[in-house]
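Structure first, then comments.
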Amino acid sequence: METIKINNSVFLIPPSQPKLQANCAKEYGQFLLDCPPKLTILEAQAGGYLKGNKADFAIAISRPDRVFTINENFTNEPFTELWVIPVAGELKDQFKGPASMLLCFLMHRRSKDSFAGLYNHFAHRAFQQWCEEGMLGDPKEFCYEAIASVLRNYIFCAEFQKVEGALGTYWFIQWSYRNPQSDFDKDALEAAELIRSGAESGATIHWVTNETYERWADNANKAAPVFAPVSEAEARASLQPDNQQVLPQGKRR
Numbered sequence: 025m026e027t028i029k030i031n032n033s034v035f036l037i038p039p040s041q042p043k044l045q046a047n048c049a050k051e052y053g054q055f056l057l058d059c060p061p062k063l064t065i066l067e068a069q070a071g072g073y074l075k076g077n078k079a080d081f082a083i084a085i086s087r088p089d090r091v092f093t094i095n096e097n098f099t100n101e102p103f104t105e106l107w108v109i110p111v112a113g114e115l116k117d118q119f120k121g122p123a124s125m126l127l128c129f130l131m132h133r134r135s136k137d138s139f140a141g142l143y144n145h146f147a148h149r150a151f152q153q154w155c156e157e158g159m160l161g162d163p164k165e166f167c168y169e170a171i172a173s174v175l176r177n178y179i180f181c182a183e184f185q186k187v188e189g190a191l192g193t194y195w196f197i198q199w200s201y202r203n204p205q206s207d208f209d210k211d212a213l214e215a216a217e218l219i220r221s222g223a224e225s226g227a228t229i230h231w232v233t234n235e236t237y238e239r240w241a242d243n244a245n246k247a248a249p250v251f252a253p254v255s256e257a258e259a260r261a262s263l264q265p266d267n268q269q270v271l272p273q274g275k276r277r
């Protein structure tokens, strides 16, 4: 077991790497911590595994998307892997005082897209700044450093949102961000930066490596999917509003 102490705040690095699950099934829409598989929501609640529908985090690690095969429901599916320190919500409230711990969890589908949307926003803003400052240096490195600065300086907020779709009710995580509001927020950001820089140098990589995730990545089929060719007419038809006739080129009115 490891701990990081920043000022009056203490952060636990657990030896067994607790897994934070974002369960988006229709009866859930909540975070679960180290929950055994296939429990009903009542069983999860009785076992103390439910941890609320919102949380604020300092993000230590955000890994590029990887393809995982977890079970028959998640086969060759891209996930984003996050290592986070909760600073607000039930995940934080399990610890009294200025204390929290490092957790890992995976996001997929719409939750993953919501998080990626924040990164796209930061990258777009950074690229605009690079252009305005004379296009000096490597724009990729400039944008990378801008995103790293965001992780160092902002708290990320996750809240489950309910959606009524064609297949019924489901949930996804809507992401936003805010400035640190307390000394504990600032200490958590500093601890996350220590973990991130240590992992990049290899000193703390074992803190943010999950054997289960590595096995799921190994289970995935690494072969690229083969897609059937699409004709020009099919491509143009896919862009038309519903029920609008697609006219051949040269004969549009």
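Quick note: the sequence shown uses our numbering, first residue 25, plus one each step. Ideal Cβ placement from N, Cα and C applies to all residues, glycine included.
Enclosing beta strand (DSSP E) for residue i [first to last residue]
i, result
"G189", "179-189"
"S200", "192-202"
"T236", "Premise fails: T236 lies in the alpha helix (DSSP H), 235-243, not in any beta strand (DSSP E)."
"K29", "26-30"
"F35", "33-37"
"S86", "78-92"
Expected contact under 8 Å - CB spacing of residue i and residue j to nearest Å
i, j, result
"A146", "I83", "According to the sequence provided, residue 146 is Phe. The question's Ala does not apply to it. The pair is not a contact, with the Cβ atoms about 12 Å apart (cut-off 8 Å)."
"M25", "P42", "That pair is no contact at about 12 Å."
"Q185", "W199", "Incorrect: roughly 10 Å between the Cβ atoms, too far for contact."
"E214", "I30", "5 Å"
Limits of the unbroken alpha helix (DSSP H) element including residue i
i, result
"Q54", "That residue, Q54, is in no alpha helix (DSSP H); its beta strand (DSSP E) goes 54-57."
"L126", "Run containing L126: none; DSSP gives neither H nor E here."
"G161", "No alpha helix (DSSP H) holds G161; DSSP gives it neither H nor E."
"L44", "It is not in any alpha helix (DSSP H) - L44 instead sits in the beta strand (DSSP E) that spans 44-47."
"G141", "133-156"
"K116", "114-117"
"L74", "Careful: L74 lies outside any alpha helix (DSSP H) and carries neither H nor E."
CB contact flag (residue i, residue j, <8 Å)
i, j, result
"V108", "L127", "yes"
"I171", "Y201", "no"
"F55", "Q69", "no"
"I28", "L218", "yes"
"D207", "V111", "no"
"S124", "A212", "yes"
"L115", "K75", "yes"
"W240", "F119", "no"
Buried versus exposed call for residue i [16 or more other C-beta atoms within 10 Å across all chains shown]
i, result
"S33", "buried"
"K164", "exposed"
"L191", "exposed"
"Y73", "buried"
"T104", "buried"
"V232", "buried"
"T236", "exposed"
"M159", "exposed"
"N245", "exposed"
Reference residue i; option with closest CA among the options
i, options, result
"I94", "H132, K78, W199", "H132"
"E51", "Q45, T64, C59", "T64"
"S86", "K186, L160, Q118, A223", "A223"
"Y168", "E157, H148, Y178", "H148"
"G53", "A216, T193, I229", "T193"
"F166", "Y178, Q153, N177, R176", "Q153"
"F81", "A244, L160, F151, P204", "P204"
"S135", "C48, A241, T228, N234", "C48"
"L106", "S173, A140, F35, A227", "A140"
"Y178", "D162, G161, A216, I197", "A216"
"E183", "G71, I229, G113, A150", "G113"
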